[in-house]
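Read through the structure below, which is laid out as structure tokens, and then see the notes.
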Amino acid sequence: MRSALLAALLCCGLAGTAPAAGRANPKTADPETLKLVELFLKTSVPELPPESVPYFLAVDTATLPDRLLHRFLAKRIELLALKRLSDSRAKGSLKRAGMDPETTCGNPDILTPRALAFLKQMGFNEYKDVEVAYLMKETNCTECELRSEFTLTVVQVPAKDKRKKASVKYLFRDDDPIIALLAHYYSGTKNRNTSFFGIGSSPKCRH
Numbered sequence: 006m007r008s009a010l011l012a013a014l015l016c017c018g019l020a021g022t023a024p025a026a027g028r029a030n031p032k033t034a035d036p037e038t039l040k041l042v043e044l045f046l047k048t049s050v051p052e053l054p055p056e057s058v059p060y061f062l063a064v065d066t067a068t069l070p071d072r073l074l075h076r077f078l079a080k081r082i083e084l085l086a087l088k089r090l091s092d093s094r095a096k097g098s099l100k101r102a103g104m105d106p107e108t109t110c111g112n113p114d115i116l117t118p119r120a121l122a123f124l125k126q127m128g129f130n131e132y133k134d135v136e137v138a139y140l141m142k143e144t145n146c147t148e149c150e151l152r153s154e155f156t157l158t159v160v161q162v163p164a165k166d167k168r169k170k171a172s173v174k175y176l177f178r179d180d181d182p183i184i185a186l187l188a189h190y191y192s193g194t195k196n197r198n199t200s201f202f203g204i205g206s207s208p209k210c211r212h
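Residue numbers for the sequence shown follow my numbering, beginning at 6 and rising by one.
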């Protein structure tokens with residue numbers, strides 16, 4: 006079931022998620038759409054109906070009531086991250102051999118504090134910018150490539166005080182293999198790039 010779900014994600018050709026902004030005078034989604042969203046939000050990923058994934062991901066956030074919006078934003082990010090993780094594993098340890106560095110990527114997702122909390126419940130953890138910079142150096146990946154080849158998710162959370170700037174958060178899924186590299190950062194040891202859980206070299210974008 007999970008492989009079928011990921012295949013459905015692949016067929017969608019979807020990039021990033023739409024921001025939760027622009028909710029002036031929204032029209033509420035039709036009952037069938039609301040029913041679909043509710044189904045996805047209460048169902049574990051392996052049990053989701055693959056044929057309905059494109060419809061879920063295409064839902065206009067401006068049409069969702071607040072009781073669904075926050076969880077929807079988190080769920081959509083989760084599904085897209087799982088697709089990237091699956092695609093990345095299929096490429097082996099060297100993700101972008103012979104390819105030019107990717108330097109252009111979409112804007113950060115705009116999340117409400119509640120949506121961010123839901124995302125963390127789904128297996129995402131927050132990391133500091135210095136940790137992300139370390140991973141960029143160790144993998145020879147740009148930030149955009151960490152976002153496209155791994156599960157790095159960059160989000161903006163609007164401040165309660167509208168006079169202040171939104172805070173930027175960096176998150177990875179717990180099951181992203183790249184996270185294992187941070188053990189060297191925390192311990193101050195050098196990554197010798199000899200073995201990655203006994204199955205070859207550490208993941209990189211290029212040598």
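Ideal Cβ placement from N, Cα and C applies to all residues, glycine included.
Taking the C-beta atoms as reference points, CYS146 is found no nearer than 9 Å to CYS110. For PHE155, the three-state secondary structure derived from DSSP is coil. For secondary structure counted as the alpha helix (DSSP H) over 4 or more consecutive residues, the stretch 39-73 holds these complete runs in sequence order: 58-62. For ASN196, the CB contacts under 8 Å within the same chain, skipping 5 residues up- and downstream, are GLU143, LEU186, HIS189 and SER207 in chain order. Less than 9 Å divides the Cβ of LEU157 from the Cβ of TYR175. For GLU131, the enclosing beta strand (DSSP E) stretches over residues 129-132. When PRO51, ILE184, THR108 and THR194 are compared, the shortest CA-CA separation from LEU84 is found for PRO51. The beta carbon of THR108 sits closer than 8 Å to the beta carbons of THR147 and CYS149 from its chain, once the five residues preceding and following it are set aside; these are given in chain order. Beyond the five residues adjoining it in sequence on each side, ALA86 comes within less than 7 Å, by CB distance, of THR156, THR158 and ARG178 in the same chain, given in chain order.
An exposed status is given to SER49, since fewer than 16 other beta-carbon atoms sit within 10 Å of its beta-carbon.
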